[in-house]
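**Student:** Take a look at this one; I'll ask things after.
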Amino acid sequence: MKASKKEINSSGGDKVSATLKSVFELALDSQGTERTAQMLEQLAQELRSAPRPASGVTTPYVNTIPVEEQPEYPGDRAIERRIKSIMRWNAMAMVVKANSTTNVGGHIASFASSATLYEVAQNHFFRGATENFPGDMVYFQGHAAPGMYARAYMEGRLDESQLQNFRQELADGGGLSSYPHPYLMPEFWQFPTVSMGLGPIMSLYQARFNRYLQARGLTNWKSEPKVWAFLGDGESDEPESLGAITLAARENLDNIIWVVNCNLQRLDGPVRGNGKIIQELEGLFTGAGWNVIKVIWGTEWDDIIKRDKSGLLLKRMEECVDGDYQKYVVEPGSYTRKHFFGKYPELLELVTHLSDEQISKLLRGGHDVRKMYAAYQAAMDCKGQPTVILAKTVKGYGLGEAGEGKNISHQQKKMNEKELREFRHRFDIPISDDVIADTPFFRPAPDSVETKYLLARRQKLGGFIPARIVKPATLDVPKADYFAEFFKGSTTDASTTMAFVRLLTILLRHKAVGKNVVPIIPDEARTFGMDALFKDIGIYSPKGQLYEPVDKKSLLYYLEKKDGQILEEGISEAGAMSSFIAAGTSYASHGVPMIPFYTYYSMFGPQRVGDQFWLAGDIRAKGFLLGATSGRTSLNGEGLQHQDGHSLLHASTIPTCLPYDPAFGFELAVIIADGMRRMFVEQEDIFYYLALYNENYSMPPMPAGVEDGIVKGLYKFKAGYDGAKIKAHIFGSGSIMQSALKAQMILAEKYGVSADVWSATSYKLLRTDAIRCQRWNILHPTQPAKKSYVENLLAKETGAFVAVSDNIRTVPDQIAPWVPGGLFTLGTDGFGRSDTRARLRRFFGVDVESTVIGTLYALAEKKLIDRKVVAQAIKDLGVDPEMVQPQIV
Ligand SMILES: Cc1ncc(C[n+]2csc(CCOP(=O)(O)OP(=O)(O)O)c2C)c(N)n1
Ligand SMILES: [Mg+2]
Numbered sequence: 002m003k004a005s006k007k008e009i010n011s012s013g014g015d016k017v018s019a020t021l022k023s024v025f026e027l028a029l030d031s032q033g034t035e036r037t038a039q040m041l042e043q044l045a046q047e048l049r050s051a052p053r054p055a056s057g058v059t060t061p062y063v064n065t066i067p068v069e070e071q072p073e074y075p076g077d078r079a080i081e082r083r084i085k086s087i088m089r090w091n092a093m094a095m096v097v098k099a100n101s102t103t104n105v106g107g108h109i110a111s112f113a114s115s116a117t118l119y120e121v122a123q124n125h126f127f128r129g130a131t132e133n134f135p136g137d138m139v140y141f142q143g144h145a146a147p148g149m150y151a152r153a154y155m156e157g158r159l160d161e162s163q164l165q166n167f168r169q170e171l172a173d174g175g176g177l178s179s180y181p182h183p184y185l186m187p188e189f190w191q192f193p194t195v196s197m198g199l200g201p202i203m204s205l206y207q208a209r210f211n212r213y214l215q216a217r218g219l220t221n222w223k224s225e226p227k228v229w230a231f232l233g234d235g236e237s238d239e240p241e242s243l244g245a246i247t248l249a250a251r252e253n254l255d256n257i258i259w260v261v262n263c264n265l266q267r268l269d270g271p272v273r274g275n276g277k278i279i280q281e282l283e284g285l286f287t288g289a290g291w292n293v294i295k296v297i298w299g300t301e302w303d304d305i306i307k308r309d310k311s312g313l314l315l316k317r318m319e320e321c322v323d324g325d326y327q328k329y330v331v332e333p334g335s336y337t338r339k340h341f342f343g344k345y346p347e348l349l350e351l352v353t354h355l356s357d358e359q360i361s362k363l364l365r366g367g368h369d370v371r372k373m374y375a376a377y378q379a380a381m382d383c384k385g386q387p388t389v390i391l392a393k394t395v396k397g398y399g400l401g402e403a404g405e406g407k408n409i410s411h412q413q414k415k416m417n418e419k420e421l422r423e424f425r426h427r428f429d430i431p432i433s434d435d436v437i438a439d440t441p442f443f444r445p446a447p448d449s450v451e452t453k454y455l456l457a458r459r460q461k462l463g464g465f466i467p468a469r470i471v472k473p474a475t476l477d478v479p480k481a482d483y484f485a486e487f488f489k490g491s492t493t494d495a496s497t498t499m500a501f502v503r504l505l506t507i508l509l510r511h512k513a514v515g516k517n518v519v520p521i522i523p524d525e526a527r528t529f530g531m532d533a534l535f536k537d538i539g540i541y542s543p544k545g546q547l548y549e550p551v552d553k554k555s556l557l558y559y560l561e562k563k564d565g566q567i568l569e570e571g572i573s574e575a576g577a578m579s580s581f582i583a584a585g586t587s588y589a590s591h592g593v594p595m596i597p598f599y600t601y602y603s604m605f606g607p608q609r610v611g612d613q614f615w616l617a618g619d620i621r622a623k624g625f626l627l628g629a630t631s632g633r634t635s636l637n638g639e640g641l642q643h644q645d646g647h648s649l650l651h652a653s654t655i656p657t658c659l660p661y662d663p664a665f666g667f668e669l670a671v672i673i674a675d676g677m678r679r680m681f682v683e684q685e686d687i688f689y690y691l692a693l694y695n696e697n698y699s700m701p702p703m704p705a706g707v708e709d710g711i712v713k714g715l716y717k718f719k720a721g722y723d724g725a726k727i728k729a730h731i732f733g734s735g736s737i738m739q740s741a742l743k744a745q746m747i748l749a750e751k752y753g754v755s756a757d758v759w760s761a762t763s764y765k766l767l768r769t770d771a772i773r774c775q776r777w778n779i780l781h782p783t784q785p786a787k788k789s790y791v792e793n794l795l796a797k798e799t800g801a802f803v804a805v806s807d808n809i810r811t812v813p814d815q816i817a818p819w820v821p822g823g824l825f826t827l828g829t830d831g832f833g834r835s836d837t838r839a840r841l842r843r844f845f846g847v848d849v850e851s852t853v854i855g856t857l858y859a860l861a862e863k864k865l866i867d868r869k870v871v872a873q874a875i876k877d878l879g880v881d882p883e884m885v886q887p888q889i890v
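Letter by letter, the sequence shown follows residues 2 to 890 of my numbering.
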């Protein structure tokens with residue numbers, strides 16, 4: 002029977018403390034109080050500088066699963082080793098080849114360390130997608146990608162020319178992407194992982210989302226998929242990696258298995274040279290409530306460990322730090338004999354029967370299929386808790402002189418002929434001397450034992466992994482007229498946030514797709530007036546509600562339900578974004594399209610979790626991101642770290658993101674209806690970012706025929722008066738449209754300027770359309786030039802063009818090159834301040850008066866009016882020309 006961690010700790014601890022006590026008494030008796038105190042102080046000092054495992058709950062530095070509890074290995078180890086060796090060769094060859102003629106990079110050492118971790122899972126655990134089973138969801142370590150390609154090559158899923166073009170995707174015939182990118186290889190990769198930390202956190206929320214779908218009755222699985230995440234030990238330092246691990250334990254996510262490849266190294270050097278990463282992680286995960294399985298020593302160690310009756314071997318294992326363990330990899334066996342075992346003569350006895358070479362080959366647990374199989378089986382069987390497997394490996398395993406265990410391993414992408422020969426010899430690859438310098442790929446014949454074995458295993462387990470299989474599934478989404486109430490405008494003042502919440506409420510009631518809507522909120526529902534939804538559709542909680550909520554007597558109480566529809570993520574934008582991604586890719590991962598609406602505090606969007614926004618594009622997520630309380634001046638009072646005037650620009654940088662800045666309720670309705678159509682009927686892999694504001698004003702009715710302009714990014718909302726000599730155009734958007742509309746009146750009444758007011762719903766979309774035309778024109782110089790939407794729309798307009806925005810000027814400036822005569826922009830560059838809307842807008846120069854003055858100035862610049870008119874307006878409108886300016890450097 003395996004002793005529990007508690008038993009080991011307490012029985013050992015009792016003995017030690019009894020011994021310490023008698024030594025203490027002996028010292029007192031023989032040396033006296035003063036001398037004993039001195040000795041104790043000296044010991045305390047030594048203890049302070051001694052290497053110690055991180056605080057937390059740790060067990061001895063040995064395998065968690067004792068030999069007696071290890072199951073028989075069910076596979077043919079010899080064939081599996083051959084298969085794995087061939088993969089090692091091809092993965093290495095892919096990188097070396099690519100770098101022999103180019104400098105495209107690549108990694109050999111990561112897969113070299115993790116090949117066994119993947120192969121045991123591929124041959125015995127990962128289950129592919131079948132009827133009524135979505136397939137296990139596997140997050141591969143990004144820089145181990147060559148290993149996955151090497152396997153797919155042996156499986157016959159990739160051909161030689163693709164391998165040849167590793168990292169050369171634009172080569173003739175196409176190539177393989179550097180890392181897992183579903184955007185680039187949509188039938189192969191499911192989950193992008195290479196921005197480290199994002200894979201781990203996404204995997205947790207994916208596992209949680211799987212439970213959510215199940216709880217809401219939207220799945221028909223024959224069994225539950227497991228979510229596997231493979232991560233590096235260095236990667237565990239990313240705050241995202243470990244930041245959400247308590248969620249998995251709290252919600253009993255036993256559908257997740259993490260495998261941390263503890264090769265003790267990251268890019269520059271050791272992960273914890275002066276400590277032990279495995280012990281540190283064990284403490285953290287145990288404290289967080291996970292089932293922790295350490296796989297440290299390979300089978301050859303079993304006997305040595307068993308024969309040690311002195312306890313010194315464990316002591317030696319514990320006292321060595323990771324820096325020492327790394328050294329034992331690069332040095333010969335004689336070094337390990339002398340420095341590891343040799344520290345205590347008793348330990349040397351344990352290895353006298355082993356040659357130095359045999360000592361150097363004592364495997365680490367993560368390279369031993371039997372140990373890894375035992376760990377995976379235990380993880381599969383674990384109930385009620387998530388499992389993490391901490392597998393000790395060697396970085397660059399098998400690379401020998403070329404980079405096994407060396408600090409340069411991670412960057413190694415070239416191998417000389419001698420190193421290639423050694424590699425071939427070590428893994429027994431049938432490649433002859435005369436061609437070895439070309440690092441040819443090697444694939445056993447289709448009827449070889451290896452190929453047959455490998456295919457049979459995958460067939461038994463349901464199919465290949467990774468594979469991204471998207472079954473066509475459309476949603477019967479409503480058209481814009483389903484939201485007809487917004488087309489009439491509103492009698493009472495409302496903000497675009499309020500309009501959105503109303504729209505969401507109506508959508509949630511839609512017969513066909515209401516159930517597919519996933520509202521996601523990071524502890525801000527009350528801020529946005531979304532709290533009514535709590536009671537309406539409930540907050541998802543696997544435990545239901547075990548308490549009576551304090552507001553139970555009120556109409557809109559805080560209701561948690563087992564099948565609740567809202568994902569209330571608490572204060573974790575990274576977690577909420579992970580949920581958005583899980584829900585937004587449900588069409589692919591589950592064949593169940595879901596429509597996420599992730600509503601959050603605008604400032605804490607792309608600026609905070611921008612890498613996840615980017616990843617949402619790569620993973621082909623669909624859905625709506627709603628940056629509420631947007632605007633540098635519309636959100637007043639909150640100041641510098643809250644007032645957002647640049648998310649629209651961030652969002653504009655993501656190729657598959659459509660950013661919109663709607664001013665009115667009807668615009669929202671048109672954009673969201675069109676978005677649902679494009680994403681869930683037309684099956685476009687895109688997502689939306691909408692800026693929402695909290696300023697209340699009257700929502701006008703929709704002018705006729707503007708739908709197309711709304712979705713394309715610009716339309717004329719309110720023309721100026723007829724017959725004026727001086728003509729201007731003001732582009733407004735979002736809340737600041739109010740400045741444009743009021744400026745239009747003042748310009749007409751006081752200065753005889755007829756300004757057309759346009760609603761610019763999306764500068765980015767106008768720009769990308771113009772860029773597309775421009776590129777075509779450059780490459781077809783002799784053909785009639787194509788004109789973009791914005792160029793056509795403005796072709797006949799004259800006068801000055803002014804844009805006013807509650808965002809930095811760069812947002813409207815995106816279209817400046819295509820505006821006739823250029824664009825003059827007013828925006829909110831600079832840090833926000835806490836003050837009233839009126840003062841803030843004056844400060845940034847985007848209030849009504851500043852818009853009037855700006856328009857007059859733009860006209861004067863074009864010599865369409867006298868500059869004196871501008872000076873007069875500054876006086877008339879009471880603007881202080883010497884007022885304090887936002888600081889911009
Ligand atoms: C967020 C992020 N930062 C930095 C990198 C660059 N990078 C790629 S791999 C690597 C080292 C990885 O070490 P580890 O996680 O221990 O994985 P191993 O290769 O050792 O298995 C670094 C720094 C990255 N990909 N993502
Ligand atoms: Mg590492």
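Yeah, the Cβ is synthetic: ideal placement off N, Cα and C, and Gly gets one too.
A quick note: this is a predicted structure, and the numbers were derived from the prediction, not measured.
1) Could you compute how far the alpha carbon of His591 sits from the alpha carbon of Pro135?
2) Expressed to the nearest angstrom, what Euclidean distance is found between the alpha-carbon atoms of Asn256 and Val228?
3) Thinking C-beta only, is Leu391 closer than 7 Å to Lys899?
4) Please report the straight-line C-alpha distance between Asp369 and Lys396, rounded to a whole angstrom.
5) Counting only runs of 3+ residues fully inside the stretch 95-164, write out the beta strand (DSSP E) ranges in chain order.
6) Do you know offhand how far Asp382's Cα is from Trp190's?
7) Looking at the unbroken beta strand (DSSP E) that takes in Trp229, where does it start and where does it end?
8) Would you call the stretch 745-754 and the stretch 850-869 touching, i.e. three or more CB-CB distances under 8 Å?
9) Output the distance between the C-alpha atoms of Phe942 and Leu659, rounded to the nearest integer angstrom.
10) Check whether the stretch 79-97 and the stretch 420-436 touch, using three or more Cβ-Cβ pairs below 8 Å as the test.
11) With a threshold of 16 other CB atoms inside 10 Å of the CB of Gly385, please say whether the residue is buried or exposed.
12) Consult DSSP for Asp255 and reduce its assignment to one of helix, strand or coil.
13) Which residues bound the beta strand (DSSP E) around Trp298?
14) How do the stretch 703-722 and the stretch 668-685 stand: do at least 3 beta-carbon pairs fall below 8 Å, yes or no?
15) Starting from His730, trace the beta strand (DSSP E) in both directions and tell me its first and last residue.
16) Under three-state DSSP, which class holds Tyr62?
17) Examine ligand 2 and report whether any of its heavy atoms sits within less than 6 Å of the Cβ of Arg267.
18) Just confirm the distance between the C-beta atoms of Thr891 and Pro663, as a whole number of angstroms; I'd bet it's less than 8 Å.
19) Please return the same chain residues whose Cβ sits closer than 7 Å to the Cβ of Leu243, not counting the five positions on each side in sequence.
20) Have a look at Leu21 and Gly312 and give me their C-alpha separation to the nearest angstrom.
21) Report yes or no: do three or more beta-carbon pairs, one from the stretch 170-188 and one from the stretch 209-228, lie closer than 8 Å?
22) Determine whether the beta carbon atoms of Asp770 and Lys717 lie at a separation below 7 Å.
23) Less than 8 Å between the CB atoms is what I'm expecting for Ile809 and Thr829, so what's the real figure, rounded?
24) Would the C-beta of Asp234 count as close to ligand 1, meaning under 6 Å from any of its heavy atoms?
25) Between the alpha carbons of Ile279 and Lys393, how many angstroms are there, rounded?
26) In the DSSP assignment, find the unbroken alpha helix (DSSP H) run with Ser580 in it and report its ends.
27) Tyr326 by DSSP, collapsed to three states: which one?
28) Hey, Gly606 and Leu626 are a contact pair by Cβ (cut 8 Å); roughly how many whole angstroms apart?
29) Does ligand 2 have a heavy atom nearer than 6 Å to the CB of Asn264?
30) Helix, strand or coil for Leu827, going by three-state DSSP, please let me know.
31) Hey, would you say the C-beta of Ser178 is under 6 Å away from at least one heavy atom of ligand 1?
32) Is His144 near ligand 1, going by C-beta to nearest heavy atom under 6 Å?
33) Could you work out which residue in Gly646, Tyr764, Ala741, Asp814 is closest to Gly831 when comparing CA atoms only?
34) In chain order, what residues of the same chain lie with their CB nearer than 6 Å to the CB of Gly846, ignoring the 5 residues before and after it?
35) For Ala28 and Gln43, what's the separation of their Cα atoms in angstroms?
36) Do Val195 and ligand 1 come close, with the Cβ less than 6 Å from some heavy atom?
**Tutor:** Short version:
1) Within the sequence shown, residue 591 is the residue found at index 590, counting from 1. Within the sequence shown, residue 135 is the residue found at index 134, counting from 1. Rounded to the nearest angstrom, the two C-alpha atoms are 6 Å apart.
2) Along the sequence shown, read from residue 1 onward, the residue named residue 256 stands at position 255. Along the sequence shown, read from residue 1 onward, the residue named residue 228 stands at position 227. Taking the straight line joining both Cα atoms gives about 6 Å.
3) Because the chain is modelled from 2 through 890, residue 899 falls outside the range shown and cannot be assessed.
4) Position 368 of the sequence shown holds residue 369. Position 395 of the sequence shown holds residue 396. Taking the straight line joining both Cα atoms gives about 15 Å.
5) 138-140
6) Against the sequence shown, residue 382 aligns to sequence position 381. Against the sequence shown, residue 190 aligns to sequence position 189. Taking the straight line from one Cα to the other gives about 27 Å.
7) Counting from one through the sequence shown, the residue named residue 229 turns up at place 228. Unbroken beta strand (DSSP E) run through Trp229: 228-233.
8) yes
9) Outside the shown range of the chain (2 to 890) lies residue 942, about which nothing can therefore be said.
10) yes
11) On the sequence shown, residue 385 is found 384 positions in, with the first residue counted as 1. That one is exposed.
12) Taking the sequence shown and counting its residues from 1, one reaches residue 255 at position 254. Three-state DSSP puts Asp255 in coil, outside helix and strand.
13) Residue 298 sits at position 297 when you count from the first residue of the sequence shown. Here Trp298 belongs to no beta strand (DSSP E), and DSSP marks it neither H nor E.
14) yes
15) Translated into positions along the sequence shown, residue 730 becomes position 729. Segment 727-733, the beta strand (DSSP E) holding His730.
16) As a first step, residue 62 must be located in the sequence shown, where it is residue number 61. Tyr62 falls in the coil class under three-state DSSP.
17) Position 266 of the sequence shown, counting from 1, holds the residue named residue 267. Checking the Cβ of Arg267 against ligand 2 gives yes.
18) Absent from the model: residue 891. The displayed extent of the chain is 2 to 890, so no value can be given.
19) The count along the sequence shown starts at 1 and reaches residue 243 at position 242. Closer than 7 Å at Cβ, skipping near neighbours: Ser237, Leu285.
20) As a working mapping, residue 21 is identified with position 20 in the sequence shown. As a working mapping, residue 312 is identified with position 311 in the sequence shown. Each residue's alpha carbon lies about 17 Å from the other.
21) no
22) Taking the sequence shown and counting its residues from 1, one reaches residue 770 at position 769. Taking the sequence shown and counting its residues from 1, one reaches residue 717 at position 716. No, they are not a contact pair.
23) The residue labelled residue 809 in the question sits at position 808 within the sequence shown. The residue labelled residue 829 in the question sits at position 828 within the sequence shown. Contact flag correct, Cβ pair sits at about 6 Å.
24) Reading the sequence shown from its first residue, position 233 is the one you call residue 234. Yes - ligand 1 has a heavy atom lying nearer than 6 Å to the Cβ of Asp234.
25) Sequence index remark: in the sequence shown, residue 279 carries index 278 (1-based). Sequence index remark: in the sequence shown, residue 393 carries index 392 (1-based). Ile279 and Lys393: Cα-Cα distance of roughly 8 Å.
26) For the purposes of this step, residue 580 is taken as the residue at position 579 of the sequence shown. That run of the alpha helix (DSSP H) goes 574-585.
27) Position 325 of the sequence shown, counted from the start, is the residue given in the question as residue 326. DSSP places Tyr326 in helix when its eight states are reduced to three.
28) Along the sequence shown, one-based indexing puts residue 606 at 605. Along the sequence shown, one-based indexing puts residue 626 at 625. Sure, about 7 Å apart at Cβ, within 8 Å.
29) Numbered from its first residue, the sequence shown carries residue 264 at position 263. Asn264: yes, Cβ under 6 Å from ligand 2.
30) Residue 827 sits at position 826 when you count from the first residue of the sequence shown. Of the three classes helix, strand and coil, the one that applies to Leu827 here is strand, per DSSP.
31) In the sequence shown, residue 178 corresponds to position 177, counting from 1. Incorrect: Ser178 has no Cβ contact closer than 6 Å to ligand 1.
32) Within the sequence shown, residue 144 is the residue found at index 143, counting from 1. Yes.
33) The sequence position of residue 831 within the sequence shown is 830, counting from 1. Answer by Cα proximity: Gly646.
34) The residue given as residue 846 occupies position 845 in the sequence shown. Within the same chain, Gly846 has close Cβ partners Leu827.
35) Position 27 of the sequence shown holds residue 28. Position 42 of the sequence shown holds residue 43. Taking the straight line from one Cα to the other gives about 14 Å.
36) In the sequence shown, counting from the first residue as 1, residue 195 sits at position 194. Flag set: Cβ of Val195 near ligand 1.
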